[in-house]
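For reference, each letter of the sequence shown is one residue, going 585 to 1725 in the numbering used here.
Glycine included, each C-beta is placed from N, C-alpha and C at the ideal position.
Since the model is a prediction, treat every value here as computed from it, not as a measurement.
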Amino acid sequence: MLPRGPRKRELLGEPQSNQPPPKKGRHVERRFKKRKIQEVLDELCVHVESNDRQLTNNIIRELDTEHVRVISDEDFTANCTQILKACLSAKLETVSNKTFGCLVAMFARGSPESRREFVLSLEDQCEGLARATREAARMHAVLAEESFSSTTSSTSSVVSSKEIFKKKKKTSVNSSKKESAGTDADEDSSTDESELGYDPIRIKKRLKKMKLKSGEPRDSKSPEDDLMEEVEEISMVDAFFLKPNLDVGVLSIYTQALREGLIEAEQVPEKIMLCARRSLAQSSLATTANRIAGLEFHVALEIARFLVYKPPDPPTQGPNQYTQFVKSEGEWVLINFCMDRDFRVRKSVVEGLLELSENFRIAKSTYFTAKAFINDTDPDIRIAAIRLLMFFARTIGDEFMPQPMMMDMDEFEEEGVYSEEEGSSPRLPKPPRRPPPKTYSDDAFVAICDAINDIEIAVRVEAAKKLGDFVTVSEDLIYQTLDKKMMKTDKNKQVVRVEQSLFALSKKASANKNSRWKFAKKPVKIQETRGGWSRGKELNAVCPDEEAAKKEEEEEGESIIPHGACGVFVTALEDEFMDVRKAAVYSLGRLACTRPAFAVSALEYLADMFNDEIADVRLDAINALTPLISHGTMNTEQLNVISKCLDDAMPESRQAMRELLKRAQFADVECVEMCVKALLACLKRFPEDKEQVYSCLAVIGRNHAVQVQSIMRSLLGIHLIFHTREISIEDQEYVGKLIMVLNAAASQPSLVYFMPEFVHRHYRLLRHSYPGIVKGIRVLDEEKQIGKVKNGEDLTNEKAEDVVLNTYKRLCAISTISMHNERNIKRDDIFRDTSAISLYNSSVSGAARLIFCLGEVSSTVDSVSNTVLQGGELTNVKQLITSSIEDMKSVEHQFSGISLQIHSYLIHCRFYLSFLDLLVWMMQSMTSQQELIAAGQALIQETKTAIENCEEKVPEPESLLEFVASCESIFFPTTATDDKRKIITPNTLIELLGRSAPCLPTKFPPVNTIHLKYANITTPNKDTAVEECLKFYAHLPHGMPLEFDLYNMLPEELESVRIKTIHPDSRFDVMKPRKGEFKEENGHVAVSTQVKITSASPWSDPAEIDVVIGILSDNKFVPLFASPSCFSPAHIRVRIHPHSR
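Next comes the structure, spelled out in structure tokens:
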């Protein structure tokens, strides 16, 4: 045996002399060299063979910390095989288990190819493995026999005093020998090994004594030894079967290989299947890990079989194919362990059934096993059982459950069990009635309803969530969840719930209420006592017990709902934990979305959650009630309950409440007045919600134009006799009321004739300021001829789309005019027309703005080419060309719905201006031919890349292709003419550019598909942001709340949204909002984020910064416009003042 001592590792070197000397009493840190993994594995094999547990643990620790994580794929199979051989040849189970644990860690970090190769190599035969495993097996047998004989001898015989003295003397001699050998092993470990019989010398003596007892000479060999020498070599899989202590690790390796698809189900050896069967045969608590590993292996094996051999759908005899499905082998194995006494095994069973259900359909009879698991003692098992019941409800929810077998009345009479002859009394009670048929979905719904009263919070949350996922549930069962009283089947005792609801469409008068005065004077009826004999005996009276039992039987016969479903949502909504209430609100909203009648009853319970103390619960209740509010008409009492959320301090709750009011239908004028009063109070308390409040008032005005017409005079303060004084447009309450009236006038044009004259002027201002909120009134627009562009008598009655197309044709026709001044005059007319169209007609504002931008592009190209080619002043031409190219790139990203022909035109203009810039460079400086050719080739390559990046592949315009080909002929000459290349002069480029000027495409894309991408900043307020000063500490980041709405943006374009902050010293920062800060609303995307503002030093005086909204394209910031009718970018100026502490 090797000496027991710590292995000395080679130091990297002596401490450096230039380092300060270590302090006294502090240990010097030792740095070791990292050894090669082969040396470590060889040393591990030696220590495992010598049964040295301490040094084996040190080697395994070294492997785990230094070599397992960085093992290469080339040495993976060889190293894993060597560790596995050492594990299988170990004579101690503890050493074998720890070595195998190191192997499992190394196996988990290998590549899929390396692990597959290693798993398949386990079936190969290994030299010397049979002898090592047999020796280890004999060692375990000897140790087991010795431990058994020592226990029996201690109980049957008494040790004499001499023997005790000899033993003490012998142990003292042995201890002195160990001390002289210089071993550093602990006393505890040595005594444990001696007591357990792990000393190899002692084991050899024990083998000799066994031979002598059997009558064999000492030097003779047993037939087992001869057989061991002649035995054939075995594989590692066979060796695994001889090592029961390694079953858990081996099954985990094969389970992982099956789940990751490294091997197929047919490639699993038979011995591994026997190991799994042996693990499942264990029944003690100490072998729980074996049973869990066996169950997981069978689940992975069953899934692997299904993925390879997908069975066809079974033959059907009805509409559902699920009825003919039978249990699989893996499912049978799981069902057999559903009653195991260890909760970990039962948890593995439920998780295995869930995993099987995710891949294929499990048998219908397993439903009752899953239902039994919902009463388990472990909460995780109950949660998994709820999910499993939900799976059955989705797959076989429409089928009826099997009913219990009952005897008919004829059979009862034939057997004499029950008879109703005259004069005879029944000897047994009546046979029970056959219960009504029940579907699997209803039964699962009731079982999950029972879990709402669970003691664990996680179980209640899961049950409350899953209730909303049911699709096919009986109406009576769903109605019972809102009432804790049992429903009856008797038609005379129906419980009317819809009429009793606060949110009912109409309420029926109570039948028991008497309005006449004589019934009010009616004496009170004497209440009956519970005792049957309190009023004396009656003729043919029934015994009280029998009467009570008969009453209970009638109640049970009339009841159609199990007790578990009574008032489930009432209980969940009153739960003390927030998560349970949130889940209940979600489920109640989901169930009510598809059931209008149930939605009316659910409105009252959801409205009660508006007063919850948790903001998230209130927000979820509002969001759940929003789609249900359209199923009924809201009255004043209901509106008074829900309008309190407009005073919520959480902005998300206020916005959700406003979205709910947009969809509501009010019953009368009082509701509209109450709603206006609540919204104006919200506006006064939260001025930052001005845009949202105006939008809500506008939608309410459009939806309730008739009610608004009756209260218009009170809203605007119009007097019938006296003239109305004009109210200031700065009054926010007046603007809110006016927006409601104007939107109602868009639906009811007759309101216009009752409005004062100043309201018409205010309409034009609000129409310009809030184009998305104030809708157009046709009567007022026609009066001032807003939204029309006249160009002769033929265009007077044309539509807006035709006006836009005619404007584009006029722009295309400008290129045929010879005089440059006349072309500019025509373009100025088009600029005025398109500005008016985009300002007063929102439906075609995007197309009008695009025509305006194309006119600017064509004007820039015309003026620059005229200046350069006609010999004009070239002082500021380069700056003009650079800014024009950037504007053209911005046009490509500021509009949606642009055709590929317009894209090609913009590319042609950019390419043309780039060559004009090259020509200016040649005129202003003496350039070499090599630099000129390199610059021209770079421009051509950039143009080709831009053409290839187009999403759709359609033929490009011939002018662009001809221009590119002409440029290639100059800057990319052929090989034959390379030696006689002509010198490129400015005249060469002038001739090329003179005949290749870009032209607008003749076809314009559909007008209704072109939209302008713009952003509307809502927070902070533009009016107060400059007046109020934002103070923060310098050198520390500060977050400024910023909310804005994005319009006409595609979902994939949201990744490119950026926020640019420009400081007074021209320094700027660009920030990207997070994904969770984008929220889709009605036709647009709302963004709520915080802008980081920092300053390197404090400022003496406050200054303004500019916050701009834009998109990032080709590493360049492109600003978005503020509105369809505004030419300024979406920005806001904020006054800040960083100061010192």
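Length of the line joining the Cα atoms of residue i and residue j
{"i": "ARG1297", "j": "HIS1288", "result": "16 Å"}
{"i": "MET577", "j": "VAL929", "result": "The shown model of the chain, from 585 to 1725, leaves out residue 577, and the question about it has no answer."}
{"i": "HIS1303", "j": "VAL1319", "result": "19 Å"}
{"i": "LEU1190", "j": "PHE1250", "result": "18 Å"}
{"i": "SER1712", "j": "GLU1236", "result": "29 Å"}
{"i": "ASP1378", "j": "CYS1583", "result": "Note on ASP1378: pLDDT 38, under 50, position unreliable in the model; the coordinate value appears next. About 27 Å."}
{"i": "LYS1676", "j": "TYR1617", "result": "13 Å"}
{"i": "ALA877", "j": "ALA1035", "result": "30 Å"}
{"i": "GLU1440", "j": "THR1572", "result": "28 Å"}
{"i": "ALA542", "j": "GLU1314", "result": "This structure gives no information on residue 542, because the portion of the chain shown stretches from 585 to 1725."}
{"i": "VAL703", "j": "ASN1632", "result": "56 Å"}
{"i": "THR1527", "j": "ILE1491", "result": "7 Å"}
{"i": "VAL933", "j": "CYS922", "result": "6 Å"}
{"i": "ASN1327", "j": "HIS1344", "result": "13 Å"}
First and last residue of the uninterrupted beta strand (DSSP E) at residue i
{"i": "LEU1614", "result": "1613–1617"}
{"i": "VAL1702", "result": "1700–1703"}
{"i": "MET1655", "result": "1652–1655"}
{"i": "PHE702", "result": "Run containing PHE702: none in the beta strand (DSSP E); it sits in the alpha helix (DSSP H), 696–704."}
{"i": "ASN1600", "result": "1598–1603"}
{"i": "ALA1670", "result": "1668–1677"}
{"i": "HIS1715", "result": "1715–1723"}
{"i": "ARG1642", "result": "1641–1646"}
Span of the alpha helix (DSSP H), counted from its first residue to its last, around residue i
{"i": "VAL1452", "result": "1429–1453"}
{"i": "ALA1168", "result": "1162–1177"}
{"i": "GLU1275", "result": "1274–1287"}
{"i": "ILE1465", "result": "1461–1478"}
{"i": "ILE643", "result": "637–646"}
{"i": "ARG1309", "result": "Per DSSP, ARG1309 belongs to no alpha helix (DSSP H) and is neither H nor E."}
{"i": "ASN1195", "result": "Careful: ASN1195 lies outside any alpha helix (DSSP H) and carries neither H nor E."}
Cβ-based neighbour list, residue i, same chain, cut-off 6 Å, excluding 5 preceding and 5 following
{"i": "GLN666", "result": "LEU625"}
{"i": "ALA1599", "result": "PHE1628, LEU1630, ILE1693, LEU1704, ALA1714"}
{"i": "ALA1329", "result": "LEU1335, VAL1336, ILE1361"}
{"i": "ILE847", "result": "VAL703, ALA841"}
Near the ligand MG: residue i beta-carbon under 6 Å from a heavy atom
{"i": "LYS1587", "result": "Of ligands this structure carries none, so the ligand MG is not represented either."}
Three-state class that DSSP yields for residue i in the structure shown
{"i": "ASP924", "result": "coil"}
{"i": "TYR1631", "result": "strand"}
{"i": "LEU1696", "result": "strand"}
{"i": "ALA1233", "result": "coil"}
{"i": "GLU1688", "result": "strand"}
{"i": "CYS1710", "result": "strand"}
{"i": "GLU1059", "result": "helix"}
{"i": "SER1185", "result": "helix"}
{"i": "TRP1683", "result": "coil"}
{"i": "MET1510", "result": "coil"}
{"i": "ILE1567", "result": "coil"}
{"i": "GLY1151", "result": "coil"}
Per DSSP, cross-strand counterpart(s) of residue i
{"i": "GLY1623", "result": "LYS1676"}
{"i": "PHE1662", "result": "VAL1671"}
{"i": "THR1023", "result": "PHE984"}
{"i": "PHE1250", "result": "MET1218"}
{"i": "HIS1595", "result": "SER1480"}
Proximal residues to residue i (C-beta, below 7 Å), its chain only, five neighbours per side dropped
{"i": "MET1218", "result": "ALA1248, GLN1249, PHE1250, ALA1251, CYS1255"}
{"i": "TYR1354", "result": "TYR1278"}
{"i": "GLU1257", "result": "ILE1295"}
{"i": "PHE1415", "result": "PHE1436, GLY1439"}
{"i": "LEU668", "result": "LEU687, MET820"}
{"i": "ASP1204", "result": "LYS1166, VAL1169, TYR1170"}
Other residues of its chain near residue i: CB distance less than 8 Å, five sequence neighbours each side excluded
{"i": "ASN829", "result": "GLU677, SER680, ASN681"}
{"i": "LEU811", "result": "A caution first: LEU811 carries a pLDDT of 41, below 50, which makes its placement in the model too unreliable to give a value."}
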